[in-house]
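These notes concern the structure reproduced below.
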Amino acid sequence: MDHQRHLTRDNGHQTHQRSGSHDQHRVLDLDAEVFGHHLAAVLDLTGVHAARSVVDLGAGTGAGSRLLRGRYPDASVTCVDNDPQMLELLREQGFAVVEADLDDGFPALAEAPVDLVWASSSLHHVAHPARLLPGVRRALAPGGVLVVVELAALPRFLSHPRGALLEQRCHAAAAAEGWNHHPNWTPVIEAAGFSVTQSEVTTTAPVTPAAREYAQEWFGRFLHLAALTADDRDAVADLLERFSDDVELEPRATRTVWVATPSQNRARS
């Protein structure tokens with residue numbers, strides 16, 4: 367799995383070369399800060415109230431890893447990624463790290479079996495999920511859970527009706543360029559020997575400086591969408607100049623969550 371591609375497509379960053387990896391990492395951290403309470407709602411769906419071993423697949427900057435460590439303070443959290451720079455940062459934060467390309471399958475782990483495998487906005491960058499998922503199933507402890515999370519749609523920020531329509535057109539232009547594209551994972555996960563429950567979690571976040579910065583990051587990227595009309599491009603540029611002043615925000619995001627447990631008839635295979 368190409369980690370830079372992972373960062374680019376997770377957040378619609380077709381402008382990766384212009385904005386640089388630091389900006390990409392900042393966006394991931396902002397998402398965790400603004401919508402971190404999503405995690406509690408998502409993890410409430412899993413039924414995993416305590417864990418000894420947690421694996422974060424495609425950990426990136428560790429934004430999700432830090433939230434998982436907060437939820438499961440007694441667990442060993444292992445971060446899996448293929449970017450040595452990111453892994454070094456994660457190591458400095460006290461995480462166990464494994465350098466691995468998920469295209470090659472689920473890696474061998476020192477901490478096994480695993481109570482929770484977390485794959486947030488990472489599975490759709492794996493070239494061969496059918497190769498990865500059986501390894502996840504074999505690594506899970508009895509009662510262990512795989513959680514796959516994807517954005518159901520890009521986050522929304524504007525509350526005024528006129529602004530909301532502009533944002534909707536930006537999202538349509540982004541979809542036309544393939545941003546946030548992922549399949550329905552249910553049949554893929556089931557084929558790997560899991561029973562799957564699919565849900566959606568929607569959260570509205572408070573308007574904080576981080577939320578305002580996060581919104582600016584998104585609209586800064588929308589500005590480069592080829593499918594935007596000239597009028598919409600001008601409107602986005604005007605919006606960016608006013609974000610710190612009078613733009614009314616209502617940050618909200620919806621994520622699709624697949625909670626998977628090994629099927630009884632496949633658990634021993």
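Going letter by letter, the sequence shown gives residues 367 to 635 in the numbering used here.
The C-beta atom is built at its ideal place from N, Cα and C for all residues, glycine as well.
Whole-angstrom distance between residue 403 and residue 578, CA atom to CA atom: For this step, residue 578 is matched to residue 212 along the sequence shown. For this step, residue 403 is matched to residue 37 along the sequence shown. If you take the alpha carbons of residue 578 and residue 403, they lie about 17 Å apart.
Residue closest to residue 474, alpha-carbon to alpha-carbon, out of 500, 459, 619, 569: For the purposes of this step, residue 474 is taken as the residue at position 108 of the sequence shown. If we check each option's Cα against that of residue 474, 500 comes out closest.
CB contact flag (residue 513, residue 412, <7 Å): Within the sequence shown, numbered from 1, the residue matching residue 513 stands at position 147. Within the sequence shown, numbered from 1, the residue matching residue 412 stands at position 46. Yes.
C-alpha distance - residue 586 paired with residue 609, whole-angstrom precision: On the sequence shown, position 220 is the one that residue 586 refers to. On the sequence shown, position 243 is the one that residue 609 refers to. For residue 586 and residue 609, the distance between alpha carbons rounds to 11 Å.
Nearest-angstrom beta carbon gap, residue 570 and residue 533 [assumed within contact, 8 Å]: Residue 533 sits at position 167 when you count from the first residue of the sequence shown. Residue 570 sits at position 204 when you count from the first residue of the sequence shown. Residue 533 to residue 570, Cβ: 15 Å. No contact.
Whole-angstrom distance between residue 597 and residue 622, CA atom to CA atom: Locating residue 622 in the sequence shown gives position 256, where the first residue counts as 1. Locating residue 597 in the sequence shown gives position 231, where the first residue counts as 1. If I take the Cα positions, the gap works out to 33 Å.
Residue 624, enclosing alpha helix (DSSP H) - first and last residue: To locate residue 624, count along the sequence shown from 1; it is residue 258. Where residue 624 is concerned, there is no enclosing alpha helix (DSSP H), although the beta strand (DSSP E) it sits in stretches over 615-628.
Stretch-stretch touch, CB-based, cutoff 8 Å, three pairs: the segment 434-444 with the segment 467-482: yes
Enclosing alpha helix (DSSP H) for residue 577 [first to last residue]: Stepping through the sequence shown from its first residue, residue 577 is reached at position 211. 575-588 is the span of the alpha helix (DSSP H), which, as asked, contains residue 577.
Reference residue 506, options 391, 620, 560, closest by Cα: Working through the sequence shown from its first residue, we reach residue 506 at position 140. Comparing Cα-Cα distances from residue 506 to each of 391, 620, 560, the minimum goes to 560.
Three-state class that DSSP yields for residue 564 in the structure shown: For this step, residue 564 is matched to residue 198 along the sequence shown. Three-state DSSP puts residue 564 in a strand.
Own chain, CB closer than 8 Å to residue 589, minus 5 neighbours either side, in chain order: To locate residue 589, count along the sequence shown from 1; it is residue 223. Excluding sequence positions up to five before and after residue 589, its CB lies within less than 8 Å of the CB of 599, 602, 603, 606, all in the same chain and listed in chain order.
Expected contact under 8 Å - CB spacing of residue 543 and residue 591 to nearest Å: For this step, residue 543 is matched to residue 177 along the sequence shown. For this step, residue 591 is matched to residue 225 along the sequence shown. Going by Cβ atoms, the distance from residue 543 to residue 591 rounds to 6 Å, so yes, they are a contact pair.
Residue from 410, 430, 408 whose Cα sits closest to the Cα of residue 391: Within the sequence shown, numbered from 1, the residue matching residue 391 stands at position 25. Closest in C-alpha terms to residue 391, from the list 410, 430, 408, comes 430.
Closest Cα partner of residue 428 within the set 448, 417, 440: For the purposes of this step, residue 428 is taken as the residue at position 62 of the sequence shown. The residue with the shortest Cα to Cα distance from residue 428 is 448.
Option nearest residue 566 by Cα separation, candidates 405, 554, 398: One-based indexing of the sequence shown puts residue 566 at position 200. Among 405, 554, 398, the Cα nearest to that of residue 566 belongs to 405.
Buried or exposed (CB count within 10 angstroms, at least 16 for buried), residue 528: If you number the sequence shown from 1, residue 528 lands on position 162. Exposed, by the Cβ-count rule.
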